[in-house]
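Q: Residue numbering for the sequence shown follows the working numbering, starting at 2 and increasing by one per position.
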Amino acid sequence: MINRSALVWMTLAITAGTGLFMLKYEVRAMEERLIQIKQRTLNNLEMVHVLKAEWSHLNQPTRLEDLGRRLLSLEPMIAQQSISIADIPMRPEPVSNAVSGLNTDDGTPAFSEISPAAGQGPPLLATYRRVQ
2 MINRSALVWM TLAITAGTGL FMLKYEVRAM EERLIQIKQR TLNNLEMVHV LKAEWSHLNQ
62 PTRLEDLGRR LLSLEPMIAQ QSISIADIPM RPEPVSNAVS GLNTDDGTPA FSEISPAAGQ
122 GPPLLATYRR VQ
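1. Just the C-alpha distance for Thr-16 and Glu-47, rounded to the nearest angstrom, thanks.
2. Quick check on the burial criterion: 16 or more other C-beta atoms within 10 angstroms. Buried or exposed for Ala-99?
3. When you compare only the Cα positions, how much space is there between Glu-33 and Gln-40?
Laid out in structure tokens, this is it:
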């Protein structure tokens with residue numbers, strides 16, 4: 002009986018030792034992976050800081066104004082260039098269907114009229130004018 006119980010305990014001890022050995026190396030691999038992930042996270046944060054600094058430099062109003070003047074020949078709009086809404090001309094009336102007989106036999110148009118896309122209005126007024 003003692004031999005059997007000793008054999009069972011010895012088997013359990015060997016199994017526990019092997020399990021702990023494997024667990025130890027698994028934990029080491031996970032720790033190394035965690036260190037790599039932390040390092041990549043820090044690198045990404047540094048890149049974000051660099052990109053934010055570049056963005057703030059590129060969007061400086063004085064720099065953009067200088068680029069607009071040099072490359073696009075733009076100047077700020079003056080008050081005499083603005084008009085009221087009432088001064089904007091209305092759209093021309095659509096052409097009737099009678100042109101070149103585009104009606105069907107019962108008098109309905111053969112093609113539907115093309116209307117501007119929903120949500121599109123007149124073009125926005127420019128805040129700069131071209132220098133000539």
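The C-beta atom is built at its ideal place from N, Cα and C for all residues, glycine as well.
Small disclaimer: the values here were computed from a predicted structure and weren't measured.
A: Quick look at the numbers:
1. 47 angstroms
2. Caution is warranted here: a pLDDT of 49 is assigned to Ala-99, below 50, making its placement in the model unreliable, and no coordinate value can be reported.
3. 11 angstroms
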